[in-house]
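These notes concern the structure reproduced below.
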Amino acid sequence: MNGLTNIPALSVLLILPIIGALACMVWGRRASVITVLLETTVALLLPFRVETTVFPWLRFEDWGWIERYGARLSLGLDGLSLLLVWLTVILLAVAVGLSWPRYRQSGFYALLLISCSGILGVFLAQDLLLFYVCWEIMLLPLILCIALWGGAKRVEAAFKLLLFTLAGSLLMLLAFLGLFLLHGRQTGDYSFALQALGTTVIPADLAPWLFGCLALAFLVKVPVVPLHGWLPDAYQEAPAAVTLLLSGVLAKAGIFGLVRVAMPLFPETWTSFLPVLGGVALVSIGYGGWLAFVQTDLKRLVAYVSVAHLGFIALGVAAFNVIALQGAMLQLFNHGITTAALFALVALVERRTGNRQLHELGGLWSRTPQLGALVLFFSLAALGLPGLNIFTGEILILLGAFGAHPWWGAAGMLGVLLAACYTLRMVQGVLWGSPRGPEFMKDITRTEALILGPLAGLVLWFGLYPLPFLKLLRGPVEQLLAYLVTTGGLP
Amino acid sequence: MIWDALLALLPFLILFIGSVSVLFVPERRALLFGVFCALLAAGFCWWPCAPVMSDLLLVSSGPFARGCLTVWALLGAATCLLSERYRESRRFASPEFAALVLFCVLGMSILAASTSLVSLFLGLEAMTLAFYVLIAFDRDNPTGAEAGLKYLLPGFLASALLAFGIALVYAATGTFTLQGNVSLPVGAAMHTIAILGWTLILCAIAFKSSLAPFHLWTPDVYQGAPAPVAGLLASGSKGAVFAVLLASIPLTLIAPMRPLLAALAALSMLAGTFAALPQTNLKRMLAYSSVVHMGYMVLAVLTGHQAGLEAGLFYLLSYGAATVAAFGLLASLTDSNGEPQNYAALEGLAGRSPWRAALLTLFLLSLAGFPPLAGFMGKFVLFSAALDAGYVWLVVLALFSSLVSCYYYLRPVVRLFRPSSSSVFSVVANGGELVVLGLCAIIIVTAGMYPGPFFRLIAAIAP
Chain A
259 MNGLTNIPAL SVLLILPIIG ALACMVWGRR ASVITVLLET TVALLLPFRV ETTVFPWLRF
319 EDWGWIERYG ARLSLGLDGL SLLLVWLTVI LLAVAVGLSW PRYRQSGFYA LLLISCSGIL
379 GVFLAQDLLL FYVCWEIMLL PLILCIALWG GAKRVEAAFK LLLFTLAGSL LMLLAFLGLF
439 LLHGRQTGDY SFALQALGTT VIPADLAPWL FGCLALAFLV KVPVVPLHGW LPDAYQEAPA
499 AVTLLLSGVL AKAGIFGLVR VAMPLFPETW TSFLPVLGGV ALVSIGYGGW LAFVQTDLKR
559 LVAYVSVAHL GFIALGVAAF NVIALQGAML QLFNHGITTA ALFALVALVE RRTGNRQLHE
619 LGGLWSRTPQ LGALVLFFSL AALGLPGLNI FTGEILILLG AFGAHPWWGA AGMLGVLLAA
679 CYTLRMVQGV LWGSPRGPEF MKDITRTEAL ILGPLAGLVL WFGLYPLPFL KLLRGPVEQL
739 LAYLVTTGGL P
Chain B
67 MIWDALLALL PFLILFIGSV SVLFVPERRA LLFGVFCALL AAGFCWWPCA PVMSDLLLVS
127 SGPFARGCLT VWALLGAATC LLSERYRESR RFASPEFAAL VLFCVLGMSI LAASTSLVSL
187 FLGLEAMTLA FYVLIAFDRD NPTGAEAGLK YLLPGFLASA LLAFGIALVY AATGTFTLQG
247 NVSLPVGAAM HTIAILGWTL ILCAIAFKSS LAPFHLWTPD VYQGAPAPVA GLLASGSKGA
307 VFAVLLASIP LTLIAPMRPL LAALAALSML AGTFAALPQT NLKRMLAYSS VVHMGYMVLA
367 VLTGHQAGLE AGLFYLLSYG AATVAAFGLL ASLTDSNGEP QNYAALEGLA GRSPWRAALL
427 TLFLLSLAGF PPLAGFMGKF VLFSAALDAG YVWLVVLALF SSLVSCYYYL RPVVRLFRPS
487 SSSVFSVVAN GGELVVLGLC AIIIVTAGMY PGPFFRLIAA IAP
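Just so you know, the sequences run in chain order A and B.
For what it's worth, my numbering labels the leading residue of the first sequence as 259, then goes sequentially.
For what it's worth, my numbering labels the leading residue of the second sequence as 67, then goes sequentially.
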C-alpha cells in the first residue's frame with residue numbers, strides 16, 4: 259500500500275486518458291473500458307496517502323515545464339477538487355457505458371477520453387497556463403464529437419458552441435497574460451503560479467476589465483442566462499454522452515473557475531461582483547425554469563432544468579458565506595449526478611420510442627415499469643424532494659442566501675416552486691397518460707441498470723447522509739472565506 | 067584567409083554545386099540527390115569555422131545565419147521528398163525541379179544571412195527567380211501558368227521597389243551594410259530620404275510575405291502552384307523574409323516606421339480573416355490564413371528586442387511546420403487527376419485513410435492555435451511579448467482574428483470526417499511523405515506540449 263500511495267497519482271490521472279485514447283486508436287474501443295476502470299481505481303485511491311507535503315492540499319505535485327515563461331505543471335488536490343474529480347470519473351464511465359451500444363467508432367471514445375483528461379486538468383491545475391491549456395483540451399474533443407456524431411443540425415450547433423466558448427476562453431487568455439505581465443513587472447518573477455499571481459497589486463482602473471474577461475469566460479461555460487445562447491442547440495444536437503459531460507462536468511468547471519481562479523486573483527473586484535452574480539443567478543433560475551416549463555422536446559426540457567439548477571449553484575456562490583458555499587459546492591456534485599442520470603434516461607427513452615416530443619410520449623409507466631420508476635426517481639431528485647441529493651444542496655444554498663440577502667432567498671424559493679411545475683409536467687408527459695409509441699418495448703437491460711443503479715445509490719447517499727462530503731468541503735470553503743477576509747475583500 | 071572564407075561559404079557552395087550537378091543525375095535519382103545535397107548543406111552548417119570579416123563576404127556565418135540555413139535546407143529536403151510521388155503522377159522533369167528547389171534554398175539562406183543591402187537584394191531575387199519557374203512547373207495544369215504569371219508581375223514590381231529603396235537608403239547614408247543603416251547614434255533622427263527608402267523596402271518585403279494590402283497574388287498562386295512548392299513558398303520564403311526582418315533589420319527601431327508596421331499588421335489580420343471565411347478550397351483558405359499569420363509576425367517585428375525575436379522565431383517554426391505538413395498532405399493525396407483541393411473533394415477522407423485525416427486535423431488545429439499544439443504555444447509567446455511591449459489593441463485584434471480563424475480551420479476538418487462516397491482516391495502515401503509528415507507532427511506536438519528545448523535552441527542562435 260505504501261508503494262502505491264507514493265506514485266504521482268494526479269499526474270497518472272491526467273496522462274492515463276491520453277494513453278487510453280491512443281490505445282483506442284490502435285486497439286479499438288475496448289481500450290476505453292480498461293482506461294475507465296484504471297482511472298476509477300486511481301481516483302478512488304486518491305484520498306489515501308501517507309504524508310501531506312504542502313498545507314492545504316491532500317496531494318500536490320509539481321513538475322518543471324516551460325522555464326522561460328515560469329510555467330510549471332503543478333497539480334493540487336483538496337476536498338473540492340477531489341469531489342469534482344470523482345464526479346468526472348463517474349460521468350466518464352456513464353458516458354462510455356451509455357454510448358457503447360450506439361457508437362462503434364473508436365474515435366468517439368478516444369475523443370471522450372481526451373476531453374476527460376482536460377477536465378481533470380482544469381480541476382487540478384495550480385498554474386494558470388496549464389489551466390488554460392486544459393480548459394481548451396476539455397472542450398475541443400466534445401465539439402468534434404458534436405460535429406461528427408450529433409443530430410441533424412450538428413455542425414451549426416458545434417460551431418455555435420465553439421464560437422461562444424472560445425470567445426470566452428480567449429478573453430481568459432488575455433486576462434491571464436495581463437496578470438502574468440503585471441506580476442512580472444512588479445516582482446521581476448515571471449510566473450504563472452496561481453498562488454504567486456494572487457499577490458499581484460492590480461491597478462484599480464485595470465482590475466474590472468481583467469476580472470470581467472475572466473468572469474465572462476467562466477459564466478459562458480456555466481452558462482447563466484444572458485450567455486446561454488449556445489446551450490439549447492448544443493444540448494439538443496449532441497450525442498447523449500456529450501450532453502451528459504457538457505451539463506454534468508463542463509458547467510461545473512465554470513463555477514469552479516469562478517471560485518478557484520477568479521476569486522483569488524481579484525479579491526477586491528470579487529466582492530463588488532457578487533451582487534451582479536446574484537442577480538444573474540436569480541434570472542437564470544426564473545428564466546430557465548420558465549423555459550423548461552414550456553418546452554415540448556424532452557432533451558431541451560432537461561437542458562433548461564439544468565440551467566435553473568446551475569442558477570441555484572451560482573446563487574450559493576453569490577451569497578458567499580460558509581453555509582451557502584458549502585451547499586453550492588456540494589450541489590456541483592449532486593447536480594452533476596442527477597442531470598447526467600436524466601440525460602441518460604432521455605437517451606434511453608428516445609432509443610425505445612424513437613421520439614423525444616412530450617406529446618408523442620406517454621404511458622411509459624405501464625409499458626416499462628422499471629425504466630418508469632427510474633425516470634420518476636431522478637425527476638423527484640431534480641425537483642428537490644427531501645431525502646434525495648438535490649434537496650441537501652438547495653436547502654443549504656437557500657439558507658445561506660437568506661443569511662446574505664433575505665429577498666434572494668425568497669426569490670430562490672419561488673424557483674423551487676417552479677421546479678415542481680416543470681418536473682411534474684415532464685413526469686406527466688412521459689410516464690402517465692395513454693400509452694404511445696411502439697407496441698413492444700424492452701424494459702431496462704442489465705447494462706443500463708449497471709449504469710443507472712450506482713447513480714441512484716449516490717443520489718440516496720448524498721440525500722440521506724451528506725455529512726462526510728460536507729466535512730470534505732469544509733476545509734476548502736473556510737479557506738476561500740478566510741482568503742477573502744485577509745486580502746481585504748470582505749469586512 | 068581564403069581557406070577560412072571558403073569554409074564559411076561551404077554550405078552555400080554545397081547548395082550551389084548541388085543545384086548545378088543535379089541536372090546531370092538520372093531522372094529517377096534526381097530528387098533523392100537533391101535531398102542528399104540539402105541535408106549535406108544542413109550538416110556542414112555546423113562545421114566549426116573561424117569568424118571572417120563579414121564585409122568581405124556580404125553574408126554572415128554567425129549562429130543565427132547557420133540556424134536559419136539548417137531550417138531552410140531541411141525545408142528544401144522536405145519539399146523534394148514530398149515531390150517524389152507527386153512528380154510521378156503529374157509527370158514532370160525531376161532534375162530541373164530539384165535544381166530549382168536547391169537554388170531557392172540557396173536564395174533563402176543568403177537572404178537570412180545577409181549583412182548588407184546588396185546580399186539582401188541578391189538573396190531575395192535568387193529565391194524569387196526560382197519560385198517563378200517552380201510555381202508554373204506543372205505544364206499540364208492551366209492554373210499553374212496563370213499562377214506563375216501572377217507571381218511574376220507583382221514580383222517585378224516588388225523588385226523595382228526594393229532596388230529603388232536600397233538606392234535611396236544608400237544615397238542617404240552612403241553605406242550598404244545593414245548594421246550601419248539601421249542603428250543610429252542615440253538622439254539622432256534618421257534622414258528623411260532614408261526613411262522613404264526603408265518604406266519602399268518594407269513595401270517590397272510586404273509583397274514577398276503577402277501582407278495586406280499587398281497580398282492579392284497569394285490565393286491564386288497557392289492554388290495554381292504544385293502543392294509541395296506552395297508549401298515551400300508559404301513556409302520558407304516568408305520565413306526567410308521575416309528572419310531577416312526580425313534579426314538584421316529591426317525596423318521598429320526607426321520610430322516613423324512603427325505606425326506603418328502596426329497598420330500592416332492590423333490590415334493583414336482583418337483582410338485575411340474575412341477573406342478566409344467563405345473559402346471552400348483548402349489551398350485558398352490556407353493562403354488567406356497565411357496573410358493573418360504574417361500579420362501576427364509583424365507583431366513580433368514591432369515588438370522587437372530579444373523577446374520579439376525569440377517569439378517570432380518560435381512562431382515561424384510552429385507555423386512553418388504546420389504549413390509544410392498541410393501542403394505535403396495535400397501532395398500525398400494527389401493522383402493523375404490533380405490535387406483534391408476543394409472541401410467537397412476531401413469529404414470522407416477519414417473513412418479511407420484515417421491516419422492522414424487525423425494528421426491533417428492536427429495540422430489545421432495547430433494553425434488555428436488550439437492547445438496543446440505548437441500553434442497555441444507560438445501565439446501565446448508572441449501575444450505575451452507584444453502585450454509586454456504595449457500593443458494592447460493589436461493583441462486584442464489578433465485574439466479576435468484567431469477566434470474567427472477556428473471557424474475556417476474547422477470547416478474542412480468537419481468535412482474530412484463526413485461519410486461520403488463521391489470521390490474515391492486510393493492513393494497510398496510513400497515512405498518519404500510519411501517521414502516528412504510524421505516529423506512535422508512530432509515537432510508540432512512536442513513544441514506544443516514541452517517547448518522548453520525549442521526556446522533554448524532559439525535563444526542559443528539568436529544574435
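Don't be surprised by glycine CBs; every beta carbon is placed ideally from N, CA and C.
Practice problem: Could you check the C-alpha separation between Leu388(A) and Leu333(A) for me, to the nearest Å? | Solution: As a first step, residue 388(A) is located in the first sequence; it is residue number 130 there, counting from the start. As a first step, residue 333(A) is located in the first sequence; it is residue number 75 there, counting from the start. One C-alpha to the other measures close to 9 Å.
Self-check item: Within chain B, the residues that Val413(A) reaches when beta carbons sit closer than 7 Å
Solution: The count along the first sequence starts at 1 and reaches residue 413(A) at position 155. The answer, in chain order, is Val480.
Quiz item: Which value, in whole angstroms, describes the spacing of the CA atoms of Arg205(B) and Phe429(B)?
Solution: What you label residue 205(B) is simply residue 139 of the second sequence in a count that begins at 1. What you label residue 429(B) is simply residue 363 of the second sequence in a count that begins at 1. Computed Cα separation, rounded: 29 Å.
Practice problem: Measure the beta-carbon distance from Gln494(A) to Gly409(A) and round it to whole angstroms, keeping in mind my assumption that it falls under 8 Å. | Solution: To locate residue 494(A), count along the first sequence from 1; it is residue 236. To locate residue 409(A), count along the first sequence from 1; it is residue 151. Their Cβ separation, rounded to whole angstroms, is 7 Å, which keeps Gln494(A) and Gly409(A) in contact under 8 Å.
Quiz item: Skipping 5 residues on each side, what residues in its chain have a beta carbon closer than 6 Å to that of Leu540(A)?
Solution: Walking along the first sequence from the start, residue 540(A) turns up at place 282. Only Ala669 meet the Cβ criterion.
Quiz item: When you compare each of Arg360(A), Leu474(A), Ala577(A), Ala639(A) to Gly594(A) by their alpha carbons, which one comes out closest?
Solution: If you number the first sequence from 1, residue 594(A) lands on position 336. Checked all of Arg360(A), Leu474(A), Ala577(A), Ala639(A); the closest Cα to Gly594(A) is Ala639(A).
Quiz item: Since Ser505(A) contacts Ala425(A) with CB under 8 Å, what's their CB separation in whole angstroms?
Solution: Counted from its first residue, the first sequence places residue 505(A) at position 247. Counted from its first residue, the first sequence places residue 425(A) at position 167. No, Ser505(A) and Ala425(A) are not in contact; Cβ-Cβ is about 20 Å, not under 8 Å.
Quiz prompt | Residues within the stretch 326 to 351 of chain B neighbouring chain A, beta-carbon criterion of under 7 Å | solution = none
Quiz prompt | Minimum Cβ-Cβ distance from Phe391(A) to chain B less than 7 Å | solution = For the purposes of this step, residue 391(A) is taken as residue 133 along the first sequence, with counting starting at 1. Going by the sequence as given, residue 391(A) is Val instead of Phe. Val391(A) counts as touching chain B.
Exercise. Determine whether the Cβ of Cys472(B) lies closer than 7 Å to any Cβ atom of chain A.
Key: The count along the second sequence starts at 1 and reaches residue 472(B) at position 406. Yes, its Cβ sits closer than 7 Å to a Cβ of chain A.
Self-check item: Cβ neighbour criterion (16 or more within 10 Å) applied to Thr501(A)
Solution: Mapped onto the first sequence, residue 501(A) falls at position 243. Classification of Thr501(A): buried, given that the 10 Å Cβ count is 16 or more.
Practice problem: Whole angstroms is fine: what's the gap from Val493(B)'s alpha carbon to Asp70(B)'s? | Solution: For the purposes of this step, residue 493(B) is taken as residue 427 along the second sequence, with counting starting at 1. For the purposes of this step, residue 70(B) is taken as residue 4 along the second sequence, with counting starting at 1. The alpha-carbon of Val493(B) is positioned some 49 Å away from that of Asp70(B).
Practice problem: Look at the alpha carbon of Gly645(A) and the alpha carbon of Leu397(A), and state the distance between them as a whole number of angstroms. | Solution: On the first sequence, residue 645(A) is found 387 positions in, with the first residue counted as 1. On the first sequence, residue 397(A) is found 139 positions in, with the first residue counted as 1. Answer to the nearest angstrom: the Cα atoms are 34 Å apart.
Quiz item: How would you list, in chain order, the residues of chain B whose beta-carbon sits under 9 Å from the beta-carbon of Arg326(A)?
Solution: By 1-based counting over the first sequence, the position of residue 326(A) is 68. Result: Glu376, Val447, Pro517, Gly518, Phe521, Arg522, Ala525.
Exercise. Measure the Cβ-Cβ separation of Val364(B) and Leu312(B) and say whether it is below 7 Å.
Key: Your numbering for residue 364(B) matches position 298 in the second sequence. Your numbering for residue 312(B) matches position 246 in the second sequence. No, they are not a contact pair.
Self-check item: the stretch 470 to 487 of chain A touching the stretch 440 to 456 of chain A, judged by at least three CB pairs closer than 8 Å
Solution: For the pair of segments examined, the stretch 470 to 487 of chain A was found not to touch the stretch 440 to 456 of chain A: the number of CB pairs separated by less than 8 Å stays below three.
Exercise. Go ahead and label Leu89(B) buried or exposed: buried means 16 or more other beta carbons lie within 10 angstroms of its beta carbon, across all protein chains shown.
Key: Counting from one through the second sequence, the residue named residue 89(B) turns up at place 23. So Leu89(B) counts as exposed.
Quiz item: Taking the alpha-carbon positions, what's the Trp421(B) to Leu340(A) distance?
Solution: Your numbering for residue 421(B) matches position 355 in the second sequence. Your numbering for residue 340(A) matches position 82 in the first sequence. Cα-Cα distance, rounded: 37 Å.
Self-check item: chain B contacts from the stretch 382 to 410 of chain A (Cβ-Cβ distance under 9 Å)
Solution: Leu387, Tyr390, Val391, Cys392, Trp393, Glu394, Ile395, Leu398, Ile401, Leu402, Ala405, Leu406
Self-check item: Beta-carbon neighbours of Phe436(B), restricted to chain A and to distances below 7 Å
Solution: By one-based count along the second sequence, residue 436(B) stands at place 370. In chain order: Glu394, Leu398.
Quiz item: Are the C-beta atoms of Ser450(B) and some chain A residue less than 7 Å apart?
Solution: As a position in the second sequence, residue 450(B) is number 384, starting the count at 1. Cβ-Cβ to chain A under 7 Å: yes for Ser450(B).
Quiz item: If the cut is a Cβ gap below 9 Å, which residues of chain B does Gly278(A) touch?
Solution: Numbered from its first residue, the first sequence carries residue 278(A) at position 20. Within chain B, no residue comes near Gly278(A); the closest Cβ sits about 16 Å away, beyond 9 Å.
Quiz item: Any contact of the stretch 213 to 229 of chain B with the stretch 272 to 284 of chain B, i.e. 3+ C-beta pairs under 8 Å?
Solution: yes
Self-check item: the stretch 170 to 183 of chain B touching the stretch 128 to 135 of chain B, judged by at least three CB pairs closer than 8 Å
Solution: Touching, yes.
Practice problem: Give every residue of the same chain whose Cβ lies closer than 7 Å to the Cβ of Leu338(A), excluding the five residues on either side of it in the sequence, and list them in chain order. | Solution: Here residue 338(A) is taken as the residue at index 80 of the first sequence, counted from 1. Result list for Leu338(A): Met587, Leu731, Pro734, in chain order.
Self-check item: Member of Phe381(A), Tyr448(A), Leu440(A) whose CA lies at the smallest distance from the CA of Ile460(A)
Solution: Position 202 of the first sequence, counted from the start, is the residue given in the question as residue 460(A). It is Leu440(A).
Quiz item: What residue does the alpha helix (DSSP H) around Gly322(A) start on, and which one ends it?
Solution: For the purposes of this step, residue 322(A) is identified with residue 64 of the first sequence, where counting begins at 1. Unbroken run through Gly322(A) is the beta strand (DSSP E), 317 to 324; no alpha helix (DSSP H).
Quiz prompt | Own chain partners of Arg750(A) with C-beta closer than 6 Å, once the 5 adjacent residues on each side are dropped | solution = The structure shown has nothing for residue 750(A), since chain A only spans 259 to 749.
Self-check item: Opening and closing residue of the alpha helix (DSSP H) in which Ala255(B) lies
Solution: Along the second sequence, read from residue 1 onward, the residue named residue 255(B) stands at position 189. Premise fails: Ala255(B) is in no alpha helix (DSSP H) and is neither H nor E.
Practice problem: Determine, using beta-carbon pairs with one atom in the stretch 615 to 630 of chain A and one in the stretch 700 to 707 of chain A, whether at least three such pairs fall under 8 Å. | Solution: By the criterion of at least three beta-carbon pairs nearer than 8 Å, the stretch 615 to 630 of chain A is in contact with the stretch 700 to 707 of chain A.
Quiz item: Excluding the five sequence neighbours on either side, which residues of its own chain have a C-beta within less than 7 Å of the C-beta of Gly261(A), listed in chain order?
Solution: Taking the first residue of the first sequence as position 1, residue 261(A) is located at position 3. The predicted model places Gly261(A) with a pLDDT of 48, which falls under 50 and marks its position as unreliable; any figure quoted below should be read in that light. No residues qualify anywhere along the chain.
Quiz item: Quick one: does Ala425(A) have its CB under 7 Å from some CB of chain B?
Solution: Indexing the first sequence from 1 puts residue 425(A) at position 167. Judged by the 7 Å Cβ criterion, Ala425(A) is in contact with chain B.
Quiz item: By DSSP, does Gly334(A) sit in helix, in strand, or in coil?
Solution: Counted from its first residue, the first sequence places residue 334(A) at position 76. Strand at Gly334(A).
Quiz item: How close, in whole Å, do the beta carbons of Leu244(B) and Leu183(B) come, if the pair is a contact with beta carbons under 8 Å?
Solution: Here residue 244(B) corresponds to residue number 178 of the second sequence, with the count starting at 1. Here residue 183(B) corresponds to residue number 117 of the second sequence, with the count starting at 1. 7 Å between Cβ atoms; contact.
Practice problem: Please determine, among Cys403(A), Leu641(A), Leu738(A), the residue with the shortest C-alpha to C-alpha distance to Asn579(A). | Solution: Here the question's residue 579(A) lines up with position 321 in the first sequence. Answer by Cα proximity: Leu738(A).
Quiz prompt | Start and end residues, alpha helix (DSSP H) containing Ser182(B) | solution = Walking along the second sequence from the start, residue 182(B) turns up at place 116. From DSSP, Ser182(B) is part of no alpha helix (DSSP H); its letter is neither H nor E.
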